[in-house]
Amino acid sequence: MKKMKREYKYLLLLIGLVFTGCLIVYGPLLLKQIPFEYVTIDTREQNFAFYQEYSQIIHQFFETGKLNFYSWSDFLGTNFLVSKIFYNVTDIFTILSILLNLNFWDGLLIFQIVKCILSALGIYWLLSKYEIKPSIKVLGGISYAFCASMCYFSVYNTFTTFFTFLPIYFVAIEYFLDKKYKWLLSILTMTLAVTNYYYFFSLSFFTVIYVLFRYLIKYGFKNNKDYYLLRFKQTLEMIIYYIIGVLMAGIVLYPVILYLSGNQRIGGYEFSLVYDNFKIYLQIIASLFLPLHAFKGIAYSFNPGNYSLNELFMWGGTFIFIILPMVFIRKKDNVKIGSIFGIISCLIILFFPFAIQAMHGFSDISFRGTVFIQILLIIIVSMQFDRLKEITRKYIIVTSCVSIIMISFVYISPYIVNSEMIGDYSKSYLYAGFAIISIIIFALIVYINRKNKSIVWIICIFTLLEMVGVWKYALAPYSIANERHSYDFMNKATSLLEDKENGLNEYLSNLEPGNSSEYYRVYVDKMDLYWDFGQNTAMFYDLNGLSTYNSLFAPSLQKLYELVPEMLFSATTYISVNEPNVMTFVNTKYALVANESQLPIGVDWELITNNYRGWVSVYRNKNYRPLGTMYDAVKVYDDYSNTEDFLNYVLCDEEDFDEILNNLNDNSGILENIRYKDNYLLGTIESDGGFMVLTLPYDEGWNIKINGTEIEKYEVNGGFIGLTIPSGKVSLEMYYSIPGLKIGGIISGIGVAMLAIAITIDLILKRRQL
């Protein structure tokens, strides 16, 4: 009882320290109502927009009982729930924020504070399984709550949610190894798989390393066949429970796998033994000694120039790299063997591209998964504190000097190789100077107090001040309210074109007869009308727009981008339909601009009004084509010549050519009387029959019926829907359901049943042992 009370005391202390640190960092942003946008535009352009759309879906579900899967305003239309799982759909904290009706920016910060506290408690719990002293567990919790990864990725909801649950996942492994609560491993596996599949693959890779590391810590090496047979059986059983957890996540993972299979960012693995840029090695070295999350917004000499390579964060405070070398001077025991294995594994992952690529799903190189290394380093260093009193003056001097030399090395070597200094790195020198001063102060603290019983608490306070100080200073430029950096600006920028919700759509619907029964797209000037707010601003107006900033757009459109590469800019995530023929093809009807010079060139526009809201001009595309248009000619993709082909030909694969050719007819039937909402679209067609192209992205989730009879759909014209239409006046019905959702649900059901069986068998075996 006394031990439990003591434990609660330390837990409350940890909560208090982390909460205080969070208030210092995030409190001013909340009080001053300043949007939390650190370095990246993703928070505003992606997460904010997707949050608004998701909020509508959730509130509509509670009002009507119907769940809307499809988003009409998300760039040409897409499967919103599956495509945004990466961003927010399965994030429990995002859902809570929506249910509590929190402003996006408030919710982001409030739940970041919650996640910092929970992640610290998770590390505390994990270190308890290593029988670490409470004071050291508090230190580990502080280190993880404010580590480089947790801070930098705090603008990405699902990332930090994953980081929050990550230590508890390893706790579940610990319980499994102790033959307790085996079901917890399946539950945590499912939770992490559902929370962020992007990191889950990396976790699966790293779990192998962690289990081997733990075996060595607990048991060391043994010359005993029975021991290895026992470990093999235990590992096999662990794999079964892990697979059960994956199956339980099937309702999310299976639809995601189907959706991602056509995404251009998946795959592309090329075996590489070494990096082609020496600065990447400098970045790796620096990531341990320097708070690189604070460097992201500034220039620095060892920057490899690639954002995915820059996101390398292992800094968890000065104590990590000063104490870590103690592994190599301690007497040989299981802790030393396991720790060295862990360190070598981390070095292989970091210094050999093929290893980090494998961890990243055999795809492009990315260091985002280094958060796993962060946890392993905290565990390894925490286990060295039992020898803290053995630290000598020589050890402190050597480790401190080596650390300072390494920091200097990563700065100086680029100048030696390039023979010149490029750019202004003055601010980065401040962080380097801060790190060096921290090393000196920490060395003095340890040396003076190494035999002091309170030394760990002194290190705790120093580490908290150090980590919070770095993050506070890094956020300083983003903590100042200005005209474009305030809640007020965010609200105005996303409602500038209307006085009430859906006001712009209502205006356009009543602008011309027949608009209310059509599906059309609208071009809006990004600079003056959207205030350069972002590519996804159309989502705030529920407008069928022509641009997006999204790495997970409808996979079928990949073909369109191959045919019209000028639609892509800034890698593969900034997309805009700006080519005149393609704009007409995707039924762009109106353009909203502040002046005529902002109109897209090449489209035949006519002015409708120059007085919308007193200053906005609305132009109509004279060559506007409806959502569904009949064609009388067909081409295979190999014969594609230019964008005019989109207007004059059905473009298709070789295998569909003959079938489509036989269904062509020389008539001008169009899709009329359109009604669309939620997961359906309805309309009528009056024609002599033929082949129609609907400019909605092709998706297996669409169930399409003509006069109540399901018909075949084709993928044509760069990823859109093609249909064979019978003669006469016919009704078209389109209903959307998430591909793979039912099968995924069945897989989840199988996983739940398997877990129930596994728990039952385990209970029976335990009773027999009694």
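Numbered per the working numbering, the sequence shown spans residues 2 to 771. For every residue, glycine included, the Cβ atom is placed at its ideal position computed from N, Cα and C. Given the structure is predicted, the values throughout are model-derived calculations rather than measurements.
Heavy atom of the ligand ADP less than 7 angstroms from the Cβ of ILE281, yes or no?
Here there are no bound small molecules, and the ligand ADP is not part of this structure.
Taking the C-alpha atoms as reference points, what is the distance between GLY603 and PRO566?
17 angstroms
DSSP on TRP606, reduced to helix/strand/coil?
Residue state, collapsed to three classes: strand.
Looking at the unbroken beta strand (DSSP E) that takes in MET191, where does it start and where does it end?
Segment 184-196 is the alpha helix (DSSP H) holding MET191; no beta strand (DSSP E) there.
Between VAL328 and LYS337, what straight-line distance do the alpha-carbon atoms span, to the nearest angstrom?
6 angstroms
Measure how close the beta-carbons of ASN80 and TYR260 come, nearest whole angstrom, since I'm counting them as under 8 angstroms.
6 angstroms
What whole-angstrom Cβ distance do LEU476 and TYR39 have, given they're in contact under 8 angstroms?
6 angstroms
ILE35, enclosing beta strand (DSSP E) - first and last residue:
Counting along the chain, ILE35 falls outside any beta strand (DSSP E), and DSSP gives it neither H nor E.
Three Cβ pairs or more, each shorter than 8 angstroms: is that satisfied between the stretch 670-688 and the stretch 639-655?
Counting Cβ pairs under 8 angstroms, fewer than three are found: no touch.
Since SER401 contacts ALA444 with CB under 8 angstroms, what's their CB separation in whole angstroms?
4 angstroms
Taking its Cβ as the centre, do 16 or more other Cβ atoms sit within 10 Å of MET528, making it buried, or is it exposed?
exposed
If we count Cβ pairs, one from each stretch, closer than 8 angstroms, do we get three or more for the stretch 719-734 versus the stretch 693-701?
yes
If you draw a straight line from the alpha carbon of TYR255 to that of LEU742, how long is it in whole angstroms?
One C-alpha to the other measures close to 7 angstroms.
How would you call SER773, buried or exposed, if buried means at least 16 neighbouring beta carbons within 10 angstroms?
No statement about residue 773 is possible, as the shown extent of the chain runs from 2 to 771 and does not include it.
Per DSSP, ILE722 forms a beta bridge with which residues?
LEU695, GLU716
Can we say the stretch 455-466 touches the stretch 312-322, given the rule of at least three CB pairs closer than 8 angstroms?
yes
Do you know whose CA, among LEU178, LEU186, SER120, lies nearest GLU163's CA?
Per the sequence shown, residue 163 should be read as Phe rather than Glu. Of LEU178, LEU186, SER120, the residue nearest in Cα terms is SER120.
Which value, in whole angstroms, describes the spacing of the CA atoms of ASP667 and GLN358?
53 angstroms
Could you spell out where the beta strand (DSSP E) holding TYR620 opens and where it closes?
Start and end: 617-622.
What is the rounded straight-line gap between the Cα of ILE437 and the Cα of PRO326?
18 angstroms
Endpoints, alpha helix (DSSP H) assigned at LEU178:
158-178
Contact under 8 angstroms by Cβ, SER517 with THR371
no
Unbroken alpha helix (DSSP H) run spanning SER150, endpoints:
Where SER150 is concerned, the enclosing alpha helix (DSSP H) stretches over 149-153.
Counting pairs of beta carbons, one from the stretch 536-547 and one from the stretch 40-57, are three or more of them closer than 8 angstroms?
yes
Return the residue from the list TYR198, CYS148, VAL399, PHE177 that minimises the CA-CA distance to LEU293.
Selected option, being the one with the closest Cα: CYS148.
Between which two residues does the alpha helix (DSSP H) containing GLY470 stretch?
456-476
Does the beta-carbon of ASN102 have 16 or more other beta-carbons within 10 angstroms, so that it is buried, or is it exposed?
Exposed: under 16 other Cβ atoms inside 10 Å.
Rounded to the nearest angstrom, how far is the Cβ of ILE218 from that of GLY339, given a contact under 8 angstroms?
4 angstroms
In or out: GLY745 buried (at least 16 other Cβ within 10 Å) or exposed?
buried
Measure how close the beta-carbons of ASN158 and THR95 come, nearest whole angstrom, since I'm counting them as under 8 angstroms.
The C-beta distance from ASN158 to THR95 rounds to 5 angstroms, short enough to meet the 8 angstroms contact threshold.
ARG614 by DSSP, collapsed to three states: which one?
Looking at ARG614 - three-state DSSP - the assignment turns out to be coil, as it is neither helix nor strand.
Taking buried to mean at least 16 other C-beta atoms within 10 Å of its own C-beta, is SER429 buried or exposed?
buried
Do you know how far the Cα of ASP365 is from the Cα of VAL115?
Spanning the two alpha carbons is a distance of roughly 32 angstroms.
According to the neighbour-count rule (16 or more other Cβ atoms, all chains shown, within 10 Å of its Cβ), is ALA287 buried or exposed?
buried
Checking the sheet assignment: what are the DSSP bridge partners for ASN704?
TYR736
Tell me, which residues are paired with HIS294 by DSSP?
Looking at the DSSP assignment, HIS294 forms no beta bridge with any residue, so it has no partner.
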